[in-house]
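To start, the structure itself, in C-alpha cells.
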Amino acid sequence: MTPRIDFTSDAFFRDPPKGIATLRASGPVVATRFPLIGDVWVTTTHDATAEVLKDSATFTLRKEDGKVAGLRWWMPKLVTTIAKNMLTMDEPDHTRLRSIVDEAFRRRAIVAMEPRIRAIADGLAGELFAAGSPADLVQRYARILPLSVISELLGLPMADRPRFIAWANAMSSLTNVVSFFRLLFAFRKMRAYLEEQLRIARAQGGEGLIAELVQVEREGGRISPDEMVSMVFLLLAAGSETTTHLISGSVYELLKNPGLRDWLEQDWSRAGLAVEEFLRFVSPVQFSKPRYVRRDLELEGVRLNKGDRVMVMLAAANMDPSVHDAPERLDLERKPNRHISFGTGIHFCLGHQLARIEAACALEALFTRWPRLGLAIDASQVHWRKRPGIRAIAKLPVVADGGGNRQAKSHSADVEQLVAN
Numbered sequence: 128m129t130p131r132i133d134f135t136s137d138a139f140f141r142d143p144p145k146g147i148a149t150l151r152a153s154g155p156v157v158a159t160r161f162p163l164i165g166d167v168w169v170t171t172t173h174d175a176t177a178e179v180l181k182d183s184a185t186f187t188l189r190k191e192d193g194k195v196a197g198l199r200w201w202m203p204k205l206v207t208t209i210a211k212n213m214l215t216m217d218e219p220d221h222t223r224l225r226s227i228v229d230e231a232f233r234r235r236a237i238v239a240m241e242p243r244i245r246a247i248a249d250g251l252a253g254e255l256f257a258a259g260s261p262a263d264l265v266q267r268y269a270r271i272l273p274l275s276v277i278s279e280l281l282g283l284p285m286a287d288r289p290r291f292i293a294w295a296n297a298m299s300s301l302t303n304v305v306s307f308f309r310l311l312f313a314f315r316k317m318r319a320y321l322e323e324q325l326r327i328a329r330a331q332g333g334e335g336l337i338a339e340l341v342q343v344e345r346e347g348g349r350i351s352p353d354e355m356v357s358m359v360f361l362l363l364a365a366g367s368e369t370t371t372h373l374i375s376g377s378v379y380e381l382l383k384n385p386g387l388r389d390w391l392e393q394d395w396s397r398a399g400l401a402v403e404e405f406l407r408f409v410s411p412v413q414f415s416k417p418r419y420v421r422r423d424l425e426l427e428g429v430r431l432n433k434g435d436r437v438m439v440m441l442a443a444a445n446m447d448p449s450v451h452d453a454p455e456r457l458d459l460e461r462k463p464n465r466h467i468s469f470g471t472g473i474h475f476c477l478g479h480q481l482a483r484i485e486a487a488c489a490l491e492a493l494f495t496r497w498p499r500l501g502l503a504i505d506a507s508q509v510h511w512r513k514r515p516g517i518r519a520i521a522k523l524p525v526v527a528d529g530g531g532n533r534q535a536k537s538h539s540a541d542v543e544q545l546v547a548n
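Note that our numbering numbers the sequence shown so that position 411 is 538, with each residue one more than the last.
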C-alpha cells in the first residue's frame, strides 16, 4: 500500500528527501491523493518524470473535449479563463502561444537586464532593515525583487507594485478549497487590471513585454483576447512566485550552513554553480500540473489506464539517487547537475534564464551588504506555507548581525510579533 504523505505539512517541506524516499520505496509511479486535484498518479524517479514530460502526445494537459486535467467541475469560469494559457495547452495550441511570447522575449534581451537586476537587488538589500530588525526576508526582499523585475520587464507602472505584492501574497495563501474561493476576489481584480493595461498598450503603445505582445498580435500572431490576458497573468505570476521561493529557500540553506556560505562569499563567480544546486535541492516547484493518460500503457513497469491522471514530482526527480550522488546533501560544487526544476520537453520553463540571473544577483547583493546576516530564530522554527506543490517559506526573520540563538533571544518579542503577523 502506498504511504499517505501530507504534501502540505511542515514535516514534508522541512525534509523533502525523507518523504520522497518513502514514496519511491513504493515504486517509480505511485497512486495518491493530492490536495485540490484528487486521485492521481505521482512519479518518484527522474526517468519516469522525464518520460511523462517529454511524451506530450501520450500525457496531455487536456482531454479530447478540451477539459483541463487540473481543473475540477466546481471551479468557476473565471479560473478556466485565466487557465487558458500555454502551460495548460497541448499541441498545436501550445506552440502557437509559445511562439508569440518567444518572439516578444527575443525583442527584450534578458541577459542585458543583469545590471538592472543587480541594481534593484542592491537597493532592496540596503533597505532590508529600514522598517526595523528583525526583518522578514520573504516579504522585504525575496518577494519584492522578482516582482519588481517582472513588472519592469512587462512595462507595468512602478506605482502599481504594491498591488502586485498584495496579489502575490493572496496567491501564496492557496492551500485548500476555502482559500481557493477567497483567492477569486484577487483574481478578478488582477484580470481587470491586466485588461486595462492591454487596452492602454493597444491604444498608446509603450515599453515592455506587454507592448511587445501587442505588437506581435498586430503582426498576425493568432491569440484571442482571453488568451492574451491569461498570457500576461502567467508572466506576472509565474515570473515572480517561484523565484521568490528559490531566493528565500537558498538564503535559508546558506544561513543554516556557514561553511557553504563562506565558500560562496569567497568567490561570487561561483554563484551560477550554486544556483543550479539550489534549484535542485530547494526545488521550489515540487510538482507539475496534472496530465491525462491518453492510452493504456506501462510507465516504468506500472500499469496506467487511459483517462488516469498523472503528476510528475520534480522534487523527486531531483532527489533520485540513480542520477545524483548523495542527493540528500546540499553540494554547491555539484557537477554535473542534471536537475529538472525547469521541466523538460515542450513546456520547458520560458523564464529559466531570468530566474537564474535573479537568484544569483539576489544572493550576492544580500550577503555583500549584510555579511553577518543571521536567522532571528532557530532553523527548526521556520515554517512553510501549506501550499500543495510549492515549497515556500512562510516567513524568514533575519537580523543584520548573525549569531543564531543569541539574536533570537535578544529580539524575542520582535520575532514573536513578526512570526504572528
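Cβ coordinates follow ideal geometry from the N, Cα and C atoms, glycine included. This structure is a prediction, so every number in the text was calculated from the model and none was measured.
The shortest CA-to-CA distance from Arg270 to any of Thr222, Glu344, His372, Ser468 is the one to His372. C-alpha of Val265 to C-alpha of Ala519: approximately 9 Å in a straight line. Distances from the alpha-carbon of Trp294 to those of Glu279, Leu274, Gly282 put Leu274 closest. Gly516 sits away from Phe408, with the two beta carbons spaced by 8 Å or more. Here Val420 carries a strand assignment [DSSP, helix/strand/coil]. In the DSSP assignment, Gly333 falls outside any alpha helix (DSSP H), carrying neither H nor E.
Secondary structure note for Arg141: it is in no beta strand (DSSP E), and the uninterrupted alpha helix (DSSP H) holding it is 137–141. The DSSP-derived three-state label of Ala239 is helix. C-alpha of Phe256 to C-alpha of Ala492: approximately 14 Å in a straight line. Take the alpha-carbon of Ala506 and the one of Val238: they are about 35 Å apart. Thr371: member of the alpha helix (DSSP H) spanning 368–383, first to last residue.
Distances from the alpha-carbon of Ala252 to those of Leu426, Val378, Leu441, Val437 put Val378 closest. The bridge partners DSSP lists for Ala262 are Val525.
For Gly335, the CB contacts under 6 Å within the same chain, skipping 5 residues up- and downstream, are Leu281, Gly282 in chain order. Its Cα nearest to that of Val526, the residue Ala262 stands out among Ala262, Ala148, Val228, Pro242.
Using a Cβ distance threshold of 8 Å, Phe232 and Leu459 do not count as a contacting pair. Straight-line spacing of the CA atoms in Arg225 and Glu339 works out to 14 Å. About 7 Å separates the beta carbons of Ala443 and Thr170, which is inside the 8 Å limit, making them a contact pair.
Segment contact: the stretch 389–403 against the stretch 479–489, three or more CB-CB distances shorter than 8 Å; contact assigned. Cβ contact annotation for Met440 (same chain, cutoff 7 Å, sequence separation greater than five): Val169, Thr170, Thr171, Thr176, Gln413, Phe414, in chain order. Between Lys416 and Leu188, the C-beta gap is smaller than 8 Å, which places the two residues in contact. Contact annotation, Leu321 with Val276: C-beta distance approximately 18 Å; criterion of less than 8 Å not satisfied. Excluding residues up to 5 positions away in sequence, Ile277, Gly478 lie with their Cβ nearer than 6 Å to the Cβ of Gly366 in the same chain.
Around the C-beta of Gln324, 16 or more other C-beta atoms lie within 10 Å, and the residue is accordingly described as buried.
By the Cβ-count criterion, Asp447 is buried, with 16 or more other Cβ atoms from all chains shown falling within 10 Å of its own Cβ. In the three-state DSSP reduction, Asp166 falls in the strand class (E or B). In the displayed model, Gly253 falls within a helix according to three-state DSSP. If you draw a straight line from the Cα of Gly529 to the Cα of Val450, it is about 36 Å long.
Rounded to whole angstroms, the separation of the alpha carbons of Thr495 and Arg514 is 32 Å. Cβ atoms of Ala297 and Ala319 stay farther apart than 8 Å, at about 15 Å. Arg418 is the residue among Thr222, Arg418, Gln480, Gln342 whose C-alpha sits nearest the C-alpha of Glu178.
Between Leu523 and Val509, the C-beta gap is smaller than 8 Å, which places the two residues in contact.
By the neighbour-count criterion, in which a residue is buried when 16 or more other Cβ atoms sit within 10 angstroms of its Cβ, Asp217 is buried. At the C-beta level, Asn445 and Ile473 stay beyond 8 Å of one another.
With contacts defined by Cβ atoms closer than 8 Å, Glu403 and Asn464 form a contacting pair.
In the structure shown, Ile327 adopts helical secondary structure according to DSSP, grouped into three states.
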